[in-house]
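Enquirer:
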Amino acid sequence: MTCSDLANDITRLVYAEYVKLKPTNKPKVKSNGIRECTVLASIVAVRNDGQSIDDSLHILTLTTGVKTVPDLEIARSNGKMVHDSHAEILAIRGFNVFLLNEMIQLKNGENSQYLLKSIRNSDNGDISKYRWNSQWSLALFISRLPCGDASMDAMESSCFTEDERLVNISDDDPYQYVIPSKNQTLRGRFNFKKKGYVRTKPGRQDSKMTLSKSCSDKICLRQVISLNNALTFCLMDTPVYLKYMIIPDIDKQSNKALHRCFQERLQNCSYPVHSLEIVSSQDCFIDDISKDKEPSPISVVKIFNDPECRVLEQAIVNGVKNGTYTKPGKPLRRGCESVVSRYGLWKKITDLFPNRDFNSYTYETYKKEFSSENKIRNDMILAVKKCLTKGEDWICTHRDDFNL
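For the sequence shown, the positions run 1 to 404 when the UniProt record's numbering is used.
1) At the level of alpha carbons, what is the spacing between Gly-196 and Ile-169?
2) Which runs of the beta strand (DSSP E) at least 3 residues long sit entirely within the region 180-257? Give them in chain order.
3) In whole angstroms, what separates the C-alpha of Met-245 from that of Leu-276?
4) Per the DSSP calculation, Pro-295 is bridged to which residue(s)?
5) For the beta strand (DSSP E) containing Ile-142, list its first residue and its last residue.
6) Under the three-state reduction of DSSP, which class applies to Asn-305: helix, strand or coil?
7) Taking the beta strand (DSSP E) that Gln-105 falls in, what are its first and last residues?
8) So what does Thr-68 bridge to, in DSSP terms?
9) Could you tell me the alpha carbon to alpha carbon distance between Asn-48 and Phe-98, rounded to whole angstroms?
10) If you drop the 5 nearest sequence neighbours on each side, which residues of the same chain put their C-beta closer than 7 Å to that of Phe-141?
11) Between which residues of its own chain and Lys-390 is the CB-CB distance below 8 Å, once the five residues before and five after are set aside?
12) Whole angstroms is fine: what's the gap from Gly-329's alpha carbon to Arg-342's?
13) Would you check if the region 308-325 and the region 377-384 touch, i.e. whether three or more CB-CB distances between them fall below 8 Å?
14) Verify whether the separation of the beta carbon atoms of Ile-74 and Thr-397 is less than 9 Å.
15) From Ser-372 to Asp-172, what distance separates their C-alpha atoms?
16) What did DSSP end up calling Val-14 once you bin it into helix, strand or coil?
17) Use the C-beta contact count for Gln-267: other C-beta atoms within 10 angstroms, 16 or more gives buried, fewer gives exposed.
18) For Cys-3, tell me which candidate among Val-66, His-86, Gln-282 has the shortest Cα-Cα distance.
19) Is there a C-beta anywhere in chain C that falls below 9 Å from the one on Asp-55?
20) Indicate the three-state DSSP secondary structure (helix, strand or coil) for Ile-286 in the structure shown.
21) Going by DSSP, name the residue or residues bridged to Thr-61.
22) Counting only the same chain and skipping the five closest in sequence on each side, list residues whose C-beta sits under 7 Å from that of Tyr-241.
23) My output table needs one value for Leu-312: the three-state DSSP class, helix, strand or coil.
24) Starting from the C-beta of Ile-349, find all residues in its chain whose C-beta is less than 6 Å away, skip the five residues before and the five after it, and write them out in chain order.
25) What's the gap between the Cα of Ser-85 and the Cα of Ile-298?
26) Does DSSP classify Tyr-177 as helix, strand or coil?
27) Check whether the region 143-152 touches the region 256-265, counting contact only when three or more Cβ pairs, one atom from each stretch, lie closer than 8 Å.
28) Starting from the C-beta of Lys-30, find all residues in its chain whose C-beta is less than 8 Å away, skip the five residues before and the five after it, and write them out in chain order.
29) Are there 16 or more other CB atoms within 10 angstroms of the CB of Arg-356, so buried, or fewer, so exposed?
30) Count the other CB atoms within 10 Å of the CB of Ile-59; is the residue buried (16 or more) or exposed (fewer)?
31) For Ser-372, which three-state DSSP category applies?
32) So the candidates are Asp-287, Leu-404, Gln-223, Tyr-177; which of them puts its Cα closest to the Cα of Asn-359?
33) Going by CA-CA distance only, name the one from Ala-87, Asp-351, Leu-352 that's closest to Thr-63.
34) Please say whether Thr-61 and Trp-132 have beta carbons closer to each other than 9 Å?
35) Grab me the residues of Lys-218's own chain with a C-beta within less than 7 Å of its C-beta, minus the 5 sequence neighbours each way, in chain order.
36) From what residue to what residue does the alpha helix (DSSP H) around Ile-349 run?
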């Protein structure tokens, strides 16, 4: 099978699964006749020796979304709000839930075709490390170019923005920068001419600012630190990396932009870069973003291994489960957290280690327990950030620490 055939098979498989989402979780036609749109992403396991699509391609996570939480909102999160609900970021967060579910299954004596037991604790015999089954590679499908640097050329040529004047903004105009004194981090889609720069998530000019970085920047980071987050990184004997990225209809201009974004920007990184094999597929997404549509407020995460029901589907609005949001200034509702939130992921850790006392930890202090593993990960993060910002300080989102 050629890479092109693989990309087309993955695309068709993801679209077929998208159709199965609950109707309430998909873009709809509004009362004014305007149709909603979204971005679709999926992490797909590719069996290296598979003979047919049925046994060689398995969807692990399927996600949609184009929204982020304003930085000011994170102050009341306590780990329960998903800061970034763009589809490709939810797919990666969902993959970490998938890993934790597989670990729990193995610990409970069940089988996993994706994870293997690796290292046992010499004191009590408990599994302390897991290993990804090398029979499987991983592909990230995205229904359009990731926001940020990878899509700037396409945005510039189409002037796909609410204010076309932003295309011609001058480099010395401080309005385009998140912090005027730091000229290596731009706001959303401002100044299309500047290529190879860190950008925040795009949004309307009159909306509250988010400091979440673009999907382009975050995927760059994953080529070095792996798909693992801080909670699963220390539980794997080797990190898990993407092999493929599949995007429909990549033209010559976009192919050049993708090379710049995901290879050229990291060429001076002090850690090894696991470069993505980026492949174009043929079929475009039915609910893709276009000028005559409005972004859907709903994001969706679907994970295909939940131990109880095997498949979990959740809708997210304003960073929390659909129907649970409270207005700014009020506390969040009990049970509002999505499974892919920091709170939800840490709860999975308590399921994996039911006999461990977590009362004395916060989320941040628990991560520091695995000092040697997470020091390596943190050093890699710092190296990538330094590389992407050309040595300038990284602008961080609001701190979100909490107790269970």
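All C-beta atoms, glycine included, are put in the ideal place defined by N, C-alpha and C.
It should be emphasised that the depicted structure is a prediction, and the values quoted were computed from it without experimental measurement.
Expert: So, from the listed chains and residues:
1) 17 Å
2) 182-186, 244-248
3) 6 Å
4) Cys-37
5) 136-142
6) strand
7) Gln-105 -> not in any beta strand (DSSP E); alpha helix (DSSP H) instead, spanning 87-107.
8) Asp-84
9) 20 Å
10) Ile-10, Thr-11, Val-14, Ala-41, Ser-42, Val-44, Ile-246
11) Gln-184
12) 21 Å
13) no
14) yes
15) 43 Å
16) helix
17) exposed
18) Gln-282
19) The displayed structure is made up of one protein chain only, and chain C is not part of it.
20) coil
21) Ile-43, Ile-303
22) Ser-226, Leu-227, His-274
23) strand
24) Leu-231
25) 9 Å
26) strand
27) yes
28) Glu-36, Glu-294
29) exposed
30) buried
31) helix
32) Leu-404
33) Ala-87
34) no
35) Ile-89
36) 342-352
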